[in-house]
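See structure below.
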Amino acid sequence: MSKDKYYIIDFDSTFTQVEALDELGAISLQNHPDREQILEQVKHITDSAMAGSSSFAEGLSKRLELLQAHQNHLPQLIGTLKEKVSESIRRNKDFLHQYSDHILIVSSGFKEFITPIVTEYGIKEENIYANTFQVDEQGNLVGFDTENLLSRDKGKIKLLEQLALPGDVYVLGDGYTDYEIKEAGMANKFYAFTENVTRDSVVAKAEHIAPSLDEFLYQNKLPMAISYPKNRISVLLLENVHPQAVDLFRKEGYQVETVNGALSEEELCEKIKNVSILGIRSKTHVTRKVLEHANRLMCVGAFCIGTNQIDLDACLEAGITVFNAPYSNTRSVVELALGEIIMLSRGVVDKSNKMHQGQWDKSAKGSFEVRDKKLGIVGYGNIGAQLSVLAEAMGMEVYYYDVIEKLQLGNARKCSTLHELLEKVDIVTLHVDGRPENKNMFGADEFAAIKDGAIFLNLSRGHVVDIEALVQSIKSGKVSGAGVDVFPEEPATNSDPFESELSGLPNVILTPHVGGSTSEAQVNIANFVPNRMMDYINSGNTYGSVNFPNLQLPELKNAHRLIHIHANVPGVLANINQVLAKNQVNILGQYLKTNERVGYVITDIDKAYDKQVINDMKQVGHTIKFRILY
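Counting from 1, one number per residue, gives the positions in the sequence shown under the UniProt record's numbering.
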């Protein structure tokens, strides 16, 4: 441990994610009629002082006056702040304990709430420098000790001058007062801490940026809780992925870039460089050519059910895991299918259009209940099976066809062939995947086989239906109504025009690929997919991957984890263990799973080992990728 380096850490918006006085105001003003206006005023004063735009001392007095706080509010504030400790601070608690003699908390906040928080992380009470409250006879927090240097403008500078620390000083903080320490020559380096808030005036002055404590430790070669700073994980999210996903990645410390629409192959080839995680929906294609430009890509997330837009084999060969959301939007698609079945059975769309044109068409002709109707589900996966259950609950008689043996739910009846199903049912709905062999699986022959006047739905993939055959079936009356959510060619963005031969046909519902586009589904997907990818990066778990051998790993405790991806050929595991034995590495646990193409070996080892083992592991024959987790 270095004996001549001191690390100054700010408290508000650095050690914690929030400004403590703002949180105190939320508590003390809870029943005040002008609560929101006062809190906004307090926040404005805080931001102005932190950005260096106003006097800190004057702002502190004004904030305390506005807060109308009492000492009885402090226990609740402390409880809130304990839940708001910055994520990277939590991760690196061991560092704070290990270097406690050389870590100082220097804050313009107050010891009364700072000390109970930071001492839990190993910070010594004598190394906490902050203001103290003045309390009146009724217990109101009416002011602060004006003799304390930290209550004054340039207070941090004056404190550091007084301390005269005998060594190099490194400052980590988010505010202008933290930068001023370096500006005054009282620190060797200042790191603008941006994990919780980015103050442009501070970042503009800073020579060093620390998006997390991990990065600060990494740059200064200090011990970290993880094997790499998480901010070095670069995430690219396309096609308006839900903001919840962005928040999850950023909370983890990853650097995130978002793009509203899809990208072409050439555009993605350019964008993919240095990206660690790629998130897409259905329109962006991840091709072999794209992957050739992906120098750092670790995993791809499909924020949808299908993965046909991703070259899974090429990803596998490159050691890139792929995750999707197989269940997250199931309910949304099922509800749209049920809604369209009812609307088409009743001719609601055509009647509604006439009403908008001033026509009153009150008639029961061509209008039917769905009860007792026969529903034919083509593709009995997650969506088809759930649709089966809900349709049966509405009184429908359900038949299904799938090329894979599936367990039927409820009273659903299996059909041996597609044509057997088509001859029986009144309504046909497609819920198949987008594999190439399914292209035009439903064409002229299939439409000819269905009952006259049947209703037809496609909420699966656009290319599985011969659109011309569907158009002719609608025009001839063979199909009495259709609902189509997916199309062979779809606009890349909402600003691009949509054209289809189906436009304008009677009793046809056209929707712009929104089967899974509900708020609930998007939030579910935005939680599910990022967590799968972060779990893979942080622990090596591949459970739920659509292309990798699936491994569910135990929690990593008091060990380092070696992750080795290799071509599935004989002898690799033996070679890995030979390397470990040669380097006298003690194995605490080892996990292996393979598929026909790759092997995935996880080895947990003692923390003490010769670093040469890392280089040797990378040299094992047939290695695709190797990394280590601490």
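Backbone N, C-alpha and C define an ideal beta-carbon position, used for all residues, glycine too. These numbers were taken from a predicted model, which means no experiment stands behind them.
Inclusion of T194 and I209 in the CB contact set at 8 angstroms is warranted, their separation being smaller than that value. Between the alpha carbons of K439 and G379 lies a distance of about 14 angstroms.
Counting along the chain, H70 sits inside no alpha helix (DSSP H), nor does DSSP assign it H or E at all. For G376, the enclosing beta strand (DSSP E) starts and ends at K374 to V378. The Cβ-Cβ distance between F11 and I114 falls below 8 angstroms.
Apart from the 5 residues on each side of it in sequence, L312 sits with its Cβ closer than 7 angstroms to the Cβ of V322, V546 and N547 in its chain, given in chain order. Put simply, of F442, A469, A314 and I455 the residue whose alpha carbon is nearest the alpha carbon of R461 is F442.
Of the candidates N295, V484, S55 and I310, the residue whose Cα lies closest to the Cα of K625 is N295. For R561, the pairing in a beta bridge is given by DSSP as D604 and L629. Taking the CA atoms as reference points, N558 sits about 16 angstroms from G540. DSSP places Q255 in the strand class (E or B) of the three-state scheme. Boundaries of the beta strand (DSSP E) around L141: L141 to F144. Here DSSP, grouped into helix, strand and coil, assigns C269 to helix.
For Y254, the number of other beta carbons within 10 angstroms of its own is at least 16, and it is reported as buried. Counting every other CB atom within 10 Å of its CB across the protein chains shown gives I404 a total below 16, marking it as exposed. Each residue's CA atom was taken as its position, placing K84 and S28 some 18 angstroms apart. Per DSSP, the unbroken beta strand (DSSP E) holding S480 starts and ends at V479 to V484. N586 sits exposed, since fewer than 16 C-beta atoms from the chains shown fall within 10 Å of its C-beta. With respect to G483, L457 sits close: the two C-beta atoms are nearer than 8 angstroms. Bounds of the alpha helix (DSSP H) holding H356 are V348 to H356. For A325, the closest alpha carbon among the candidates L172, T307, E397 and T132 is that of T307.
Counting every other CB atom within 10 Å of its CB across the protein chains shown gives H97 a total below 16, marking it as exposed. In terms of Cβ geometry, S88 and L172 do not form a close pair [threshold 8 angstroms]. Taking 8 angstroms as the upper bound for CB-CB distance, Y6 and V169 are in contact here, some 5 angstroms apart. The distance from the Cβ of V290 to that of C269 is about 6 angstroms, consistent with a contact at the 8 angstroms cut-off. Short of 6 angstroms from the beta carbon of G481, and not among the five residues preceding or following it, lie these beta carbons of its own chain, in chain order: L344, I455 and N507. The three-state reading of DSSP puts T429 in strand, counting E and B together. Within the same chain, and ignoring the five residues on either side of K406 in sequence, the residues whose Cβ sits closer than 6 angstroms to its Cβ are Y380.
For L222, the closest of T177, F95 and L248 by C-alpha to C-alpha distance is F95. In this model, S234 and P530 are separated by some 13 angstroms (Cα to Cα). Spanning the alpha carbons of A469 and F447 requires a straight line of approximately 7 angstroms. Annotation: the continuous alpha helix (DSSP H) that includes V579 extends over V572 to K582.
Secondary structure at K189: strand, using DSSP grouped into helix, strand and coil. Three or more Cβ pairs closer than 8 angstroms define a contact, and the segment 33–53 meets that threshold against the segment 62–80. The beta carbon of N550 sits closer than 6 angstroms to the beta carbons of T542 and Y543 from its chain, once the five residues preceding and following it are set aside; these are given in chain order.
For C299, the enclosing beta strand (DSSP E) begins and ends at C299 to A302.
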